[in-house]
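Trainee: The structure under discussion is supplied below as structure tokens; questions concerning it will follow.
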Amino acid sequence: MKRLLKNEGFTLIEVIMSIAILSIVSAVVLQLFISSMDLNNKSRTIDVAGVYAANAIENLKALTSEEARVIKQDQEWLYDSDWQLINDNKSAQFKLVVKLRENIDVAENFYEIQSKMIDQKTDEVLVEYITGHYYFKKE
Amino acid sequence: MKSRRSKVSIESIMVMLLMIAFSIAVSLMITQGSQIFKQSIDNKEEDENLRIAMSYINMRIKQNDYADKINLESNVIEGLSAIVIEHIDEEEGFRSYIYYDDNYLYECYTDEIPTKEISTQIIDSNGIRFEERIDKNQLVIYYSQRRGQDMIELEQIITLRSN
Numbered sequence: 001m002k003r004l005l006k007n008e009g010f011t012l013i014e015v016i017m018s019i020a021i022l023s024i025v026s027a028v029v030l031q032l033f034i035s036s037m038d039l040n041n042k043s044r045t046i047d048v049a050g051v052y053a054a055n056a057i058e059n060l061k062a063l064t065s066e067e068a069r070v071i072k073q074d075q076e077w078l079y080d081s082d083w084q085l086i087n088d089n090k091s092a093q094f095k096l097v098v099k100l101r102e103n104i105d106v107a108e109n110f111y112e113i114q115s116k117m118i119d120q121k122t123d124e125v126l127v128e129y130i131t132g133h134y135y136f137k138k139e
Numbered sequence: 001m002k003s004r005r006s007k008v009s010i011e012s013i014m015v016m017l018l019m020i021a022f023s024i025a026v027s028l029m030i031t032q033g034s035q036i037f038k039q040s041i042d043n044k045e046e047d048e049n050l051r052i053a054m055s056y057i058n059m060r061i062k063q064n065d066y067a068d069k070i071n072l073e074s075n076v077i078e079g080l081s082a083i084v085i086e087h088i089d090e091e092e093g094f095r096s097y098i099y100y101d102d103n104y105l106y107e108c109y110t111d112e113i114p115t116k117e118i119s120t121q122i123i124d125s126n127g128i129r130f131e132e133r134i135d136k137n138q139l140v141i142y143y144s145q146r147r148g149q150d151m152i153e154l155e156q157i158i159t160l161r162s163n
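Going line by line, the protein sequences match chains S and R.
Residue 36 in my numbering sits at position 36 of the first sequence, with consecutive numbering throughout.
Residue 72 in my numbering sits at position 72 of the second sequence, with consecutive numbering throughout.
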């Protein structure tokens, strides 16, 4: 009150300094929000990649032992950034690689299935599943 | 009155303008920040719910995957389709009905006629529908997921071991 009566206020330097400090703090807080959004997007991408990789394994499990025996080469699927299946390798962002190998050391008709989703832009493996499956011979 | 007016300098006006500009910027930043924060939390919650729903259905099916014990039946509970799991051994006679209604995934575990009243809410979801691929012995579950302004369907395939 005394200060007001004396007609004293903040100097321009004080005002500018406080504005600068508040601006820096706000920028840091906003940056945190943006990082959180990025993390959410990344986590969603990994979730979807996991579902596609798991689906590929489930589809291989649906084969008969004769059908599985025919598959010798690795299978690849390409997806764009919206997870649409495409054929063009250059514009593909994600690549799903599925390997099916018979492991007769365990048992006849026992296969190891490996499914891996790769982000082609960063060369990062988003998810990788390895499982074993026994194909019953159908009568 | 004259002497008061003369005291208002250019410097003071500039400081006032600076303060106004700053307060506008701060209020914009707070509004935008709160919107981003809310959206971020909503997305996170939606993704978590989707993950829970997917792993719940997957787990229930894999745990009870015996020959001819899992089927997709239509018009089971008040006209709704449901994954029906018949239990064995000590739970013989009991059935689990997994279905989606009114933004929720439900499960009804009973040995009587299933109803919504005796069902348990599992998790809320944007939308779930089921499909059976009999030729491949697969159950396909479609989950609605928000991507930006659009809703897309995420497909989860489960091959039944009991083929």
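Backbone N, C-alpha and C define an ideal beta-carbon position, used for all residues, glycine too.
Is the distance from the Cβ of Ala82/R to the Cβ of Tyr66/R below 7 Å?
Mentor: Not a contact, by the Cβ cut-off of 7 Å.
Trainee: What is the DSSP secondary structure of Gln138/R, reduced to helix, strand or coil?
Mentor: Gln138/R falls in the strand class under three-state DSSP.
Trainee: Hey, Leu96/S and Trp77/S: beta-carbon distance below 7 Å or not?
Mentor: Yes, they are a contact pair.
Trainee: Can you tell me whether Tyr52/S is helix, strand or coil according to DSSP?
Mentor: Three-state result, Tyr52/S: helix.
Trainee: If contacts are defined as beta-carbon pairs under 8 Å, then Arg44/S and Asp47/R qualify, I think. What distance do you get, rounded to the angstrom?
Mentor: With 8 Å as the limit, Arg44/S and Asp47/R qualify as a contact, their Cβ atoms being about 6 Å apart.
Trainee: Any C-beta of chain R within less than 8 Å: which residues of the segment 44-62 of chain S qualify?
Mentor: So the close ones are Arg44, Asp47, Val48, Val51, Ala54, Asn55, Glu58, Asn59, Lys61, Ala62.
Trainee: Identify each residue in the segment 108-130 of chain R for which the Cβ-Cβ distance to at least one residue of chain S is less than 7 Å, and report them in chain order.
Mentor: Flagged: no residues at all.
Trainee: Residue range of the alpha helix (DSSP H) that Glu45/R falls in?
Mentor: Residues 10-63.
Trainee: For chain S, is any of its Cβ atoms less than 7 Å away from the one on Thr159/R?
Mentor: Cβ-Cβ to chain S under 7 Å: yes for Thr159/R.
Trainee: Are the segment 97-117 of chain S and the segment 52-69 of chain S touching, with three or more C-beta to C-beta distances below 8 Å?
Mentor: Counting Cβ pairs under 8 Å, three or more are found: they touch.
Trainee: Between which residues of its own chain and Val106/S is the CB-CB distance below 8 Å, once the five residues before and five after are set aside?
Mentor: Closer than 8 Å at the Cβ level, and outside the excluded window around Val106/S, lie Gly132.
Trainee: Pull out every residue of the segment 81-108 of chain S whose Cβ sits closer than 7 Å to any Cβ of chain R, in chain order.
Mentor: Cβ contacts with chain R: none found.
Trainee: Consult DSSP for Ala82/R and reduce its assignment to one of helix, strand or coil.
Mentor: In the structure shown, Ala82/R sits in a strand (DSSP, three-state: E or B).
Trainee: Within 7 Å (strictly less), CB to CB, does Lys136/R reach chain S?
Mentor: Yes, contact with chain S.
Trainee: Is Leu146/S close to chain R, meaning its C-beta is less than 7 Å from at least one C-beta of that chain?
Mentor: Absent from the model: residue 146/S. The displayed extent of chain S is 1 to 139, so no value can be given.
Trainee: Buried or exposed for Ala27/S, please, with buried defined as at least 16 other CB atoms from any protein chain shown within 10 angstroms of its CB.
Mentor: Ala27/S comes out exposed.
Trainee: With distance defined between alpha-carbon atoms, name the residue in Ile30/R, Ile157/R, Met54/R, Gly33/R nearest to Tyr100/R.
Mentor: Cα-wise, what sits closest to Tyr100/R is Met54/R.
Trainee: Which of helix, strand or coil does DSSP assign to Met1/R?
Mentor: Residue placement at Met1/R cannot be trusted, given a pLDDT of 48 that sits under 50; what the coordinates show is reported in the next sentence. Note: Met1/R maps to coil in three-state DSSP.
Trainee: Which same chain residues end up closer than 7 Å to Ile57/S when comparing Cβ atoms and leaving out the 5 residues on each side of it in sequence?
Mentor: Within the same chain, Ile57/S has close Cβ partners Ile113, Ser115, Tyr129, Thr131.
Trainee: Residues of the segment 36-65 of chain R in Cβ contact with chain S at a cutoff of 8 Å, in chain order, please.
Mentor: Listed by position along the chain: Ile36, Phe37, Gln39, Ser40, Asn43, Lys44, Asp47, Leu50, Arg51, Met54.
Trainee: Nearest to Asn78/R by alpha carbon, out of Ile118/R, Ser125/R, Glu91/R, Phe94/R?
Mentor: The amino acid at residue 78/R is misidentified as Asn; the sequence shows Glu. For the residues Ile118/R, Ser125/R, Glu91/R, Phe94/R, the minimum Cα distance to Glu78/R belongs to Ile118/R.
Trainee: With distances taken between CB atoms, is the gap from Gln49/R to Ile123/R smaller than 7 Å?
Mentor: Strictly speaking, residue 49/R in this sequence is Asn, with Gln absent from that position. Yes, the Cβ-Cβ distance between Asn49/R and Ile123/R is below 7 Å.
Trainee: Considering only C-alpha positions, which residue in the set Leu18/R, Val76/R, Glu11/R, Asn64/R is nearest to Glu92/R?
Mentor: For Glu92/R, the nearest C-alpha among the options comes from Asn64/R.
Trainee: Which of helix, strand or coil does DSSP assign to Asp124/R?
Mentor: Three-state DSSP puts Asp124/R in a strand.
Trainee: In chain R, which residues lie less than 9 Å from Met37/S when you measure between Cβ atoms?
Mentor: Result: Ile36, Gln39, Ser40, Asn43.
Trainee: Let me know the beta strand (DSSP E) ranges lying completely inside the segment 4-84 of chain S, each 3 residues or longer, listed in chain order.
Mentor: If we require 3 residues or more, the beta strand (DSSP E) runs fully inside the segment 4-84 of chain S come out as 75-79.
Trainee: So with Cβ pairs under 7 Å, would you call Gly33/R a contact of chain S?
Mentor: Closer than 7 Å to some Cβ of chain S, the Cβ of Gly33/R qualifies, so yes.
Trainee: So Ser26/S contacts chain R; which residues on that side make the cut at Cβ distance below 9 Å?
Mentor: In chain order: Ala25, Val26, Met29, Ile30, Gly33.
Trainee: Alpha carbon to alpha carbon, how far is Gln39/R from Asp82/S?
Mentor: Approximately 20 Å, taken between the alpha carbons.
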